[in-house]
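Comments concern the structure below.
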Amino acid sequence: AGSTDPVWLEQLHKIKGLVKVLIDAAASGTEKTSDTAVWLLWRMTEHDDCCKLVFEGGESSMKKLLELAAPEESTSSNRENALGALANLSSCDAAALFSLAHTQIFEVAQKALSDGSDRAIKNAAILIGNLSFDE
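Number 24 in the working numbering belongs to position 31 of the sequence shown; there are no gaps in the numbering.
Next comes the structure, spelled out in structure tokens:
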């Protein structure tokens, strides 16, 4: 299913609210709720159409994802999944991600490179690479 398929567009419209709920739950839910929400966001952002829905949340959505990717604010699994979602978002549209997150995104990624798990380091490297080499 692609972005021009009417059935896909209808389904995408239905999940638009879900993205906002997931971001809010990730930022302010219980630990289990937050873990589940961030994992779902990571998986959903593997699809460009879903990335666009996250971008529609604007700067507040990016701020919440960045907070979840910061070690002081998050569990290790949330950090890894938030970094994975940010890496996916940077693959979809690095310019849009950078315009919403500015230099904070590099700070979060750099911190993950210096003290993150193997998966956090991998996601941070992808994120930095996508942002650095976007044309």
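The beta carbon of each residue, even a glycine, is placed where N, CA and C say it ideally should be.
Short Cβ contact (8 Å threshold) for residue i with residue j
| i | j | result |
| --- | --- | --- |
| D28 | S70 | yes |
| F91 | L124 | yes |
| N74 | V47 | no |
| C44 | L2 | no |
| A20 | E60 | yes |
Exposure label - residue i; buried when at least 16 CB within 10 Å
| i | result |
| --- | --- |
| A113 | buried |
| L51 | The amino acid occupying residue 51 in the given sequence is Gly; Leu does not appear at that position. Exposed. |
| V0 | exposed |
| S107 | exposed |
| S67 | buried |
| S54 | buried |
Cut-off 6 Å between Cβ atoms - residues of its own chain near residue i, not counting five sequence neighbours on either side
| i | result |
| --- | --- |
| I119 | A80 |
| A89 | F48 |
| I121 | A102 |
| N116 | L76, G77 and A80 |
| L5 | D42 |
| A(-6) | Summary for A(-6): the model assigns pLDDT 46, below 50, so the residue's position carries little reliability; its value from the coordinates is reported in the next sentence. So the qualifying residues of the chain are W1. |
| L93 | E52 and M55 |
7 Å CB neighbourhood of residue i in its chain, flanking five on each side removed
| i | result |
| --- | --- |
| S110 | S69 and E73 |
Cut-off 8 Å between Cβ atoms - residues of its own chain near residue i, not counting five sequence neighbours on either side
| i | result |
| --- | --- |
| P64 | R72, K104, A105, D108 and G109 |
Any contact of the region 8 to 20 with the region 33 to 51, i.e. 3+ C-beta pairs under 8 Å?
By the C-beta criterion, the region 8 to 20 is judged to be in contact with the region 33 to 51, since at least 3 inter-stretch pairs fall below 8 Å.
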